[in-house]
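For the sequence shown, the working numbering begins at 598 and goes up steadily by one. First up is the structure itself, then whatever we jot down about it.
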Amino acid sequence: MDRRKLNKNNFKLDSLHWCAANDWPAEVRKCLLKGENPYRPNQDGLSPMHAAIAHNATQAMGILLERYAADVTIVKEHMQKRFLWKAENNCWNKRPILIACTEEEFKQVSAVASSCPSAIPFNLQVFVLLQSATVGEGNQLVALDVCSKEKQTEVLRCINALVSNGVLSLDKTDLRSECMTYLQTACLYDRPAMIKRLIEHGSLLSAQGDGESIPLMTAIRTMKMGIVKLLLTDYINRYDPTVVDNQQRNAFHIALEKNNRDMVDFVLKAMISYRRRRFGETETAAFNRIFTYRSEEYTCMSTWSLIRPNMKEQCSKYVEQYGLDLTYRNGDNLNVVELLSLKVALKYCFETIRRNLDILKLEANNGKNVLQHLYKYDHLDFVRELYEREPSVKSIFETKAAYVILRITLTHRNLDKLKLILEHHKDYLRSDPVALEEYAIGQDWFDRSVYDVPFALLAAAFPEKLDIINETIKQAVIHRTKFYALQKTFNEAIAQLHTDGLALEDVVDERKRNVLHQALDWNELELMKNLLNCGTDLNQKDDEGNWPIFFVRSIEAFELMYDRMRVDATITNDHGYNLFHFASKVAGHKGQEILTKLLELGFDVNQPTNDGNVPLSLANCCSSVRFLLKHGAKIELVKGSALAKTLESKLYCAAWALLPKIAHLSWFTEMAHLFLPWLLGNQNRDFFTCSSGRYLEDYPDIRKILFDSLYQHSRDEAAQFFREVCHRAINCAARWFLDYGYDIDYDVRDSYGCTPLLGMLVYMEESNLDVIERLLQKGVNVNARDRWQRNSLLAIACHFRSAQWYGHSLKSIELLLDHGAEINAQDDSGNTALHHAFMEMQLQLAELLVARGADRKLRNKAGQLPYQMVRKSMQALLAFLCY
């Protein structure tokens, strides 16, 4: 919990909280006499008792404890006299007791009160304490009639109305939030006297607060060693100190994270002692239960993920002292493999393996067995020992993963390991030539040094593969001399080229571009100068006939190249593109500087290419478009077929600089259908709004042409475009689409099975209720399922909390239900909308679904009833729903 919420100023808005925080006893009594509820939590889930404890307000705490004791007395008296419980029955505090404070709440409670509380099963009972100021001397404790089928919806509505008042409890009063318990707050502020006082009045050390943690965990997390010792000595028999929080960490794991040796040692020994005494476990069994960290969400994590470097030695001693089970598999982790990888408790590991060689066969989640991990983590002396003592274990290494170990060995250039592998396993490696080539002898991406001694060893071990090995070495020499090497250390790279017998002209990429092409493309001026100074061939063309000068990206690069290679408009590549055409593709002021220079040199601003393009259709930036138009580029020379092929290389701004100029041309409607899918691309709502949204808004005539053209070209493509804008929360485009009234398939699905309706319900960035209503009016399938088996109701229910941020309410749910959404549909986890409502703590949604007939007894695949998805502290309150 955020400790700042306990700041005194945060209690100012609530008078009783404020008086308690300031330890004003007279004012506290006045508030109580006026009928203020001492159990009501504030917006952070904190009650006046939290305020008193946090600020050491002992007098206020005493008054609140007196009030609690008085209310408990009332409860006990009613239990005995009205409900006929025996005096020694102390189970009342195991059931939730809600608080009714006003006349209206009292009437609501009376309407659903049980006339025969003793007939209700104890595990379903829900009680309401009526504050005396409300009811006078009458019945002050009421049991809700939770077993009446007719009243259960009203009971749920009553509970939802009262739960904000808090419950009668000396642990915490807000069941809806994950705030600290009173004992946790006392531990946080190191108040042992308050801890003792709370426990005496009935506070439970087993009660869970924020993150389902217990007070002991809070004391450890805040390094209160005195409190830790108090809880693990004087009070250890009152609770189970080995429970875990909602991240599956126990007190020992939290102590490990705090990195305090003394605390870790004390906590571990106390917990082991407790389990031995309480459960009769051996020291080893208790240690293995306590030490092991099992994360449900992150299966790759283990206890060692929590241990800081300076704690490893101490934990290694624990492993040996108490005997960690090496064969235990924890999620993705195998204990023995973890120890081998971390190189801790190795003596213990080796000795255990010697006693049980079958451990070597155990496989980790990566498919490698323990023997292969011994190689991987360089425990080679132990491997040699094993091979000498028991040669039969060699066969354990010989699985498909052996080739992976060979590749890792080559990558790390570990000659000792490579020799050991080849000495004992070369026959097995030879048995699968394809794998041997794939993982080792055919790979040309290793570091340069690998192709010296390591590959010489491979050649000696596999002489029959010498041709492949030599070819791999040859290819590696070519591939390792890249542009980046010349960029980084030019002279050294050139020298290496000479050593390898390669000319600079031979170093080309997959498009046959030499290093100068690449240097110009990346505008690496220093590398350009070095290349020009060493006599690089300026006339070497790539696979499309482009000279290096065509790739200039700045006026500095242009001047550097033009001084050595004078080109004019007649110098073109294989497709008729000259330097001016290429410069038109350079965005921003750098491109304009080059174009200005070329115009001075006599280049034609309207010269066409062989494929029908002109510089204006090639311009990929709005500034380039405006520059060309200013200098005489003619719009009528732009051809639609040529322009269509350049869209993928353009910035969106270039298109919007052109669209108002070309929308009237005769050919525009023939290719206008290409624009909307291209403008959308893979952009989300924010980027689409910035790049195209405002232009579509400002040019309604062009927008209509674009939408109509797409629809007329292909209804399927139009439907796919509509689906995509719905899925990406681009609601403006969805609204325009619906405004134009196109007849398309509004239930078209994507690769995840999502329809436009599902997309809008699953992902929101702004209000979209009006679009959803219009889709429903078109009769879309509200029960279409996506890959996760969610229908429209499940899609919104699973994140209803955030849907409310974007204008949705219970009316949206009713709208879907009224249009036929299946209320008991289950997703791929077996959860219904009611499961999700409880999981999201959306109690009003749950109330609505119950009222509309949701099945309260339908279990998910984990066997959970809907109410069991709610926060643990709320489950006792809602257990009646399964009756």
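Positions of the beta carbon are idealized from the N, C-alpha and C atoms, including for glycine.
Per the DSSP calculation, I575 is bridged to which residue(s)?
Outside the shown range of the chain (598 to 1480) lies residue 575, about which nothing can therefore be said.
Helix, strand or coil for L1113? Go by DSSP, reduced to three states.
helix
Cα-Cα separation, Y1025 to T900:
37 Å
Name the one or two DSSP bridge partners that R926 has.
L931
Is L1391 helix, strand or coil by DSSP?
helix
Could you pull out every residue in the same chain whose Cβ sits closer than 8 Å to the Cβ of T750, ignoring the five residues on either side in sequence?
E1444, V1447, A1448
What are the boundary residues of the alpha helix (DSSP H) that includes L1273?
1272-1277
Buried or exposed for C1287, going by 16 or more other Cβ atoms inside 10 Å?
exposed
From the DSSP output, which residues share a beta bridge with L741?
A710
Supposed contact pair Q656 and D611 - C-beta distance, whole angstroms, cut 8 Å:
D611 to Q656, Cβ: 18 Å. No contact.
Are three or more beta carbon pairs between the region 1399-1411 and the region 1419-1426 nearer than 8 Å?
no
Can you give me the C-alpha to C-alpha distance between L1083 and F1148, rounded to a whole angstrom?
18 Å
Between Q845, D742, L772, which lies nearest to Q1472 when the distance is taken from Cα to Cα?
L772
Buried/exposed call for H614, threshold 16 Cβ in 10 Å:
buried
Which residues in the same chain have their Cβ closer than 6 Å to the Cβ of L865, if we skip the five residues on either side of it in sequence?
F849
Keeping to the same chain, check which residues put their C-beta closer than 7 Å to that of A1058; ignore five residues upstream and five downstream.
L1019, K1023
Under the rule that 16 or more other beta-carbon atoms within 10 Å means buried, what is H1172, buried or exposed?
exposed
Between N885 and L921, is the Cβ-Cβ spacing less than 8 Å?
yes
Evaluate contact between the region 760-776 and the region 634-646, counting only Cβ atoms and requiring at least three cross-stretch pairs below 8 Å.
yes
Contact the region 1234-1244 vs the region 1203-1217: 3+ CB pairs below 8 Å:
yes
Please classify S1246 as buried or exposed, where buried requires at least 16 neighbouring CB atoms within 10 angstroms.
exposed
Note down, in chain order, each residue of its chain lying with its Cβ closer than 7 Å to the Cβ of L1003, except the 5 sequence neighbours on either side.
I1018, L1026, Y1036, A1037
I'd like to know whether the C-beta atoms of F1224 and Q1204 end up nearer to each other than 8 Å.
no
Rounding to the nearest angstrom, what Cα-Cα distance links I756 and T699 in this structure?
14 Å
Can you tell me whether V967 is buried or exposed? The criterion is at least 16 other CB atoms within 10 Å of its CB, across all chains shown.
buried
With three or more beta-carbon pairs closer than 8 Å as the criterion, would you say the region 752-771 touches the region 794-814?
yes
Just curious, the alpha helix (DSSP H) that A1430 is in, first and last residue?
1430-1436
Same chain only: Cβ atoms within 8 Å of H1186, ignoring 5 sequence neighbours per side:
S1220
Mind pulling the alpha helix (DSSP H) runs of 4 or more residues that sit fully within the region 621-655?
622-630, 645-651
Counted within 10 angstroms of its Cβ, other Cβ atoms place K1126 as buried (16 or more) or exposed:
exposed
Counterpart residues of V1105 in DSSP-defined beta bridges:
N1111
Within 8 Å, strictly: CB atoms of T949 and Y919
no
Here's the rule: buried if 16 or more other CB atoms are within 10 angstroms of the residue's CB, otherwise exposed. What is F719?
exposed
Can you tell me whether P714 is buried or exposed, with buried defined as 16 or more other CB within 10 angstroms of its CB?
buried
Heavy atom of the ligand COA within 7 Å of L1440 beta-carbon
The ligand COA is absent from the structure shown, which contains no ligands of any kind.
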